[in-house]
Amino acid sequence: MTVPRVVFLLDVDNTLLDNDRFAADLTARLDHDFGRTERERYWSIYAELRDQLGYADYLGALQGFRAGSDDEPALLRMSAFLLDYPFMERLYPRALDAIRHLRTMGTAVILSDGDIVFQPRKIQRSGLWDAVAGRVLVYLHKERMLDVMERHFAARHYVMIDDKPQLLAAMKRALRDRLTTVFVRQGHYAAASARIAIDTVPDVIVEHIGDLCELALRDLHGVTASRAAGAAHERTVQESSPEQP
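Position 47 of the sequence shown, counting from 1, maps to 39 under my numbering, and the rest follow consecutively.
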């Protein structure tokens, strides 16, 4: 069996898909159906669960929310809102193009954290499941499951693409030179990271997921952020320049 040269590991929330926008829509729906006080109660339950579990559990929070509103007809509509949410509309611009581009250079795999019901549902409804041909892994804490990931998708080199630089640093410490880390500076986690010192800086930094379309394999294989950014900028300039006689 031939071992692929490169496997690209892609996070979902705020990397390929604008999960902050989903959270804002959920907040607006809770406000509309239940009012501000109950909306705040839902998010309090959500935060408590996140602290306990270490990942986002929107359905679990709704179950806890039900305890104080069990006779509320809008609860059934909230279930449909979550399960039928149009996640495809929340994909970042050129997210699918980026996946297609990566697949020309190696194997693209979704590697996500989350629960076992809502997170796969999100990946399916957004079109990401099909975009990676069903190569999807969802764990409670993906940075602790790298050995399992390697058994599923063996490779000579890995590229992890994520919006959380602290998580990228943890994975880099585990896989060392076998991993290139790509920090996509999107979403509230990325914004918050600007105020946090990170001991292992990402190898590559891009502002938007679509920027990956401008990078070649050599830019994503153990390079520094400045070199990758410079390579992308150089290609952009060359492509925008008129042909010379």
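We put the CB at the ideal spot given by N, CA and C, even for glycine.
Just so it is clear, the structure is predicted and the values come from calculations on it, not from any experiment.
Unbroken beta strand (DSSP E) run spanning residue i, endpoints
i           : result
residue 29  : First-last for residue 29: 28 to 45, but that is the alpha helix (DSSP H), not the beta strand (DSSP E).
residue 100 : 99 to 105
residue 73  : Taken as a continuous stretch (DSSP letters only), residue 73 belongs to no beta strand (DSSP E), being part of the alpha helix (DSSP H) at 66 to 75.
residue 0   : -2 to 2
residue 131 : 128 to 131
Span of the alpha helix (DSSP H), counted from its first residue to its last, around residue i
i           : result
residue 181 : 179 to 185
residue 91  : 87 to 95
residue 115 : 110 to 117
residue 123 : 120 to 123
Buried versus exposed, by CB contacts within 10 Å (16 or more), residue i
i           : result
residue 127 : buried
residue 80  : exposed
residue 16  : exposed
residue 10  : buried
residue 63  : exposed
residue 36  : exposed
residue 98  : buried
residue 190 : exposed
residue 18  : buried
Contact belief for residue i with residue j at Cβ below 8 Å, rounded distance in angstroms
i           : j           : result
residue 194 : residue 159 : Between residue 159 and residue 194 the Cβ distance is about 10 Å, and since that is not below 8 Å, they are no contact.
residue 173 : residue 212 : Not quite, the Cβ-Cβ distance comes to about 10 Å (not below 8 Å), so this is no contact.
residue 106 : residue 130 : 5 Å
residue 165 : residue 149 : The Cβ separation is near 16 Å, so there is no contact.
Option in the options with minimal Cα separation from residue i
i           : options              : result
residue 155 : -3, 2 and -2         : 2
residue 135 : 152, 119 and 122     : 152
residue 108 : 132, 71 and 178      : 132
residue 142 : 101, 116 and 181     : 101
residue 116 : 24, 82, 175 and 29   : 82
residue 51  : 28, 164, 178 and 113 : 113
residue 121 : 69, 4 and -2         : 4
Inset, instruction - Quick one: which unbroken beta strand (DSSP E) runs of 3-plus residues sit fully inside the stretch 133 to 174? Chain order, please. - result: 149 to 154
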